[in-house]
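Engineer:
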Amino acid sequence: MTASDEQGVDAVEIGREASTWSRRKFIGAAAGAAAGTAAMSLTGWLPAFRVPAAGAATPPNFPSMISLYQQAYKNWAGDIAVDAAWTCAPKTPADVVAVVNWAKANLYKVRPRGMMHNWSPLTFTPGSSDANIMLVDTTQYLTSVSIASGSPATVTAQTGVTMDALLTQLESAGYGLTATPAPGDLTLGGVLAINGHGAAIPATGETRVTGSSYGSLSNLVTSITAVVWDSGSSQYVLKTFARSSSACQALLAHVGRSFIVSATLQVRANYRLRCQSWFDIAWSDLFAPASSTYSRKFSNYISSSGRVEAIWFPFTNTPWVKVWTPTPSKPLFSKQVNSPYNYSFSDNLTSDETSLVSQIIGGNPSLAPTFGALQISVVGAGLIATGTWDIWGWSKNSLLYVKPSTLRVTANGYAIITSRANIQRVVNEFATTYNTKLNAYKAAGKYPMNGPVEIRCTGLDKTNEVDGITAAGPPLLSSVRPRPDHTDWDVAVWVDILTIPGTPYAAQFYREMEQWIFSNYSGSYATVRPEWSKGWGYSSTAAWSDATMLGTTVPAAIDAGQAAGAKFADARAALDAYDPSRIFTNSFLDTFLP
Ligand SMILES: Cc1cc2nc3c(=O)[nH]c(=O)nc-3n(C[C@H](O)[C@H](O)[C@H](O)COP(=O)(O)OP(=O)(O)OC[C@H]3O[C@@H](n4cnc5c(N)ncnc54)[C@H](O)[C@@H]3O)c2cc1C
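When the sequence shown is numbered by this note's numbering, its final residue is 699 and no position is left out of the sequence of numbers.
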């Protein structure tokens, strides 16, 4: 049995059968995470083995000039794994087109493959009978970047470039982003597919800088090049879509139903950010009711700096609060940082943490409170030992702070769209409900959650934040697409809850939270859309599997308030028109985006 056998098969099984949990299965599932953890020792898991293409099973007629091999595939949480996935590494966009036309002729599906750090089954569907899938690894060759000055400046990048590489090259040229996902080892293609986001809304009095958006990275796109069907030549071809054309709207955040080869994004002048951390605010004060006069409540940090993340470990009292503030000159007591990933203590587990993870996954989930307490104490001690409670430097050096060596957990995720005046109400209701539920489970001897809650805010994908062109519209499927009927809703509160894959009762807990989230944040107060990359659509046994969520609730959440012609079905139809043979799909997407 290969390492991947051990990590993958059980993990997939567990993801689907959490309710029929047994100790053996939990251990099996967690072995994926633990193997990741151990290998991470924590240095991060990489698909270790590659088998050159040979033999009878080799996909027939594959273009000979393109490198073809079998390689292990494993997603971030280790709960979707395939031992020997057929993978190719095209050197040019024309090679990608050749692969796609080969796939059509030979009845294969094509899945673009970035860093494999997604959670949701957009590449492989666990437990499906998906066959004839060709992964296209964009990370080896499709990584070119060119930057053009202007107002706004733009960067044209192939989609296999990592955010690390992209932001480093932008920094060298004097540019940056207002916000970006926390890890840098994600590809641009992966981030755009799911409208990747960071944490920023305007602080009180802050003016938007040319070339920036407070929405998702998909809203930075000024043009995008995709592989699409051309009925004239009866072939798949490369086609570039301008943001000024409504034809691009479905491609900007396509949730796995396209292949983007490159994109041009507006970028802003680079700037320096200060990031301060606190771990002395009680969660009940940070997430106090909106009426609270407490000065350090969440919304007050939002008002003063616009950029906040709260990381709240289960059964603990004081979350880790990070607050970023654009700060041109170094404050006297800030530590200057010249590279990203400054929180080494959260990227690498201590031996005590490793031991507790082992015990939790070894069948003692009731250690979750001990683990939570240890984690926040490691954060507190780490911030002090590394002097990183107050850091300052070029923007990317504090915007990127999660490394692959961090504990590999699973997560749910939602964007709650509302008005900024409601932010404190949103976080108060969420934190209170989560805490009540967590303790009710505990009273019943159940500990489904052993990772933190994470809360951030962004703006929405507003077209008036696209500079220099008249954007035809927002990304149709973006979780943070504005609601034309609710111009008062101008922010998204992103909430995630993390836990080790396979933890008993996790799916049940996630489902109850999801049902509450969708019913609570509704009406004239707020609306909810899934964070595509994470867990959503929970049945009581698994994510991405509740028929009502997939078929009704989520499409309705995308549709609500949108004009005819710009709804979920219109996005689906546009993606289908670009890919009528449904080359870019899998069985999960065939259910959700049929
Ligand atoms: C620890 C961790 C922290 C994270 N933090 C954040 C965060 O702060 N903010 C945030 O928004 N997200 C976050 N994410 C989620 C992450 O942004 C997404 O999962 C992203 O899709 C992963 O990129 P990838 O390169 O690993 O893509 P993969 O996992 O390889 O692919 C993901 C999806 O993108 C598609 N895709 C990849 N390349 C292309 C392409 N060229 N054309 C079309 N489709 C393509 C794939 O087919 C697949 O459907 C986080 C993930 C992890 C593991």
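Beta carbons are placed, not taken as given, at the ideal position from N, Cα and C, and that holds for glycine. Please read all numbers here as calculations on a predicted model, not as lab measurements.
So, for Asn206: in the same chain, excluding its five sequence neighbours on each side, which residues have a beta-carbon less than 8 Å away from its beta-carbon?
Structural biologist: Contacts found: Gln340 and Tyr341.
Engineer: By DSSP's criteria, Ser353 is part of a beta bridge. Which residues make up the other side?
Structural biologist: Before going further, note that residue 353 is Cys rather than Ser in the sequence given. Its beta-bridge partners do not exist; DSSP assigns none.
Engineer: Would DSSP call Leu680 helix, strand or coil?
Structural biologist: helix
Engineer: Counting only runs that start and end within the stretch 166-229, where is the alpha helix (DSSP H) found for 4 or more residues in a row?
Structural biologist: 198-211
Engineer: Exposed or buried, which one is Gly53 when buried takes at least 16 other CB atoms within 10 Å?
Structural biologist: Here the chain has residues from 106 to 699 only, and residue 53 is not among them.
Engineer: Let's test the definition: count the other Cβ atoms within 10 Å of the Cβ of Pro433 and tell me whether it reaches 16, buried, or not, exposed.
Structural biologist: exposed
Engineer: From Asn533, Gly301 and Gly183, pick the residue whose C-alpha is nearest to that of Ser638; which is it?
Structural biologist: Gly301
Engineer: Give the DSSP-derived three-state secondary structure of Ala368 in the structure shown.
Structural biologist: Ala368: strand per DSSP, three-state reduction.
Engineer: Which residues in the same chain have their Cβ closer than 6 Å to the Cβ of Gln263, if we skip the five residues on either side of it in sequence?
Structural biologist: Cβ neighbours of Gln263 beyond the five flanking positions: Leu247, Thr248, Ser249 and Ser367.
Engineer: Please tell me whether, using a cut-off of 7 Å, the distance from the CB of Phe364 to the nearest non-hydrogen atom of ligand 1 is below it.
Structural biologist: yes
Engineer: Could you check if Thr292 belongs to the surroundings of ligand 1, using beta carbon to heavy atom distance under 7 Å?
Structural biologist: yes
Engineer: Going by beta-carbon coordinates alone, are Val333 and Gln381 separated by less than 8 Å?
Structural biologist: Pairing Val333 with Gln381 gives a Cβ-Cβ distance that is not under 8 Å.
Engineer: How big is the Cα-Cα spacing for Ala208 and Met239?
Structural biologist: 8 Å
Engineer: Check whether the Cβ of Ser638 sits closer than 7 Å to any heavy atom of ligand 1, and report yes or no.
Structural biologist: Flag set: Cβ of Ser638 near ligand 1.
Engineer: Could you tell me if the beta carbon of Trp181 falls within a distance shorter than 7 Å of some heavy atom in ligand 1?
Structural biologist: yes
Engineer: Following the continuous alpha helix (DSSP H) through Gly477, name the residue where it begins and the one where it ends.
Structural biologist: Ala473 to Ala490
Engineer: Please find out if some non-hydrogen atom of ligand 1 comes closer than 7 Å to the beta-carbon of Trp224.
Structural biologist: yes
Engineer: Exposed or buried, what is Gly310 when buried is set at 16 or more other beta-carbons lying within 10 Å of its beta-carbon?
Structural biologist: exposed
Engineer: Let me confirm a value: Pro195 is counted as buried when at least 16 other C-beta atoms fall within 10 Å, else exposed. Which label applies?
Structural biologist: buried
Engineer: Assign Gly133 to buried or exposed, taking buried as 16 or more other Cβ atoms, counted over all protein chains shown, within 10 Å of its Cβ.
Structural biologist: Because Gly133 carries a pLDDT of 37, less than 50, the predicted location of this residue cannot be relied on, and the following value inherits that uncertainty. It is buried - the Cβ of Gly133 has at least 16 other Cβ atoms within 10 Å.
Engineer: Tell me whether Arg218 counts as near ligand 1, meaning its Cβ is closer than 7 Å to at least one heavy atom of that ligand.
Structural biologist: yes
Engineer: Alpha carbon to alpha carbon, how far is Pro431 from Thr423? Give it in angstroms, no decimals.
Structural biologist: 25 Å
Engineer: Is there contact between the stretch 552-566 and the stretch 582-592, where contact requires at least three CB pairs shorter than 8 Å?
Structural biologist: At 8 Å Cβ cutoff, the stretches touch.
Engineer: Taking the alpha-carbon of Tyr519 as reference, which of Ser500, Ala652, Leu173 and Ile560 has the nearest alpha-carbon?
Structural biologist: Ile560
Engineer: So what's Gly281 in DSSP terms, helix, strand or just coil?
Structural biologist: Three-state result, Gly281: strand.
Engineer: Cβ atoms of Thr230 and Ser692: under 8 Å apart, would you say?
Structural biologist: yes
Engineer: Return helix, strand or coil for Pro660, following the three-state DSSP convention.
Structural biologist: helix
Engineer: Which residues mark the beginning and the end of the alpha helix (DSSP H) in which Pro529 is found?
Structural biologist: Residue identity differs from the one stated: residue 529 is Gln in this sequence, not Pro. Counting along the chain, the alpha helix (DSSP H) containing Gln529 begins and ends at Ile528 to Ala548.
Engineer: If Thr369 sits next to Thr515, beta carbons under 8 Å apart, how far is it from one beta carbon to the other, in whole angstroms?
Structural biologist: The Cβ separation is near 34 Å, so there is no contact.
Engineer: Under the rule that 16 or more other beta-carbon atoms within 10 Å means buried, what is Thr592, buried or exposed?
Structural biologist: exposed
Engineer: Out of curiosity, what's the CA-to-CA distance linking Thr653 and Asn517?
Structural biologist: 17 Å
Engineer: Have a look at Arg362 and Val531 and give me their C-alpha separation to the nearest angstrom.
Structural biologist: 32 Å
Engineer: Starting from the C-beta of Pro685, find all residues in its chain whose C-beta is less than 7 Å away, skip the five residues before and the five after it, and write them out in chain order.
Structural biologist: Trp334
Engineer: Can you grab the Cα-Cα spacing for the pair Ser451 / Ser351, in whole Å?
Structural biologist: 43 Å
Engineer: Specify, as a first and last residue, the run of the beta strand (DSSP E) that Ala597 falls within.
Structural biologist: Val596 to Thr604
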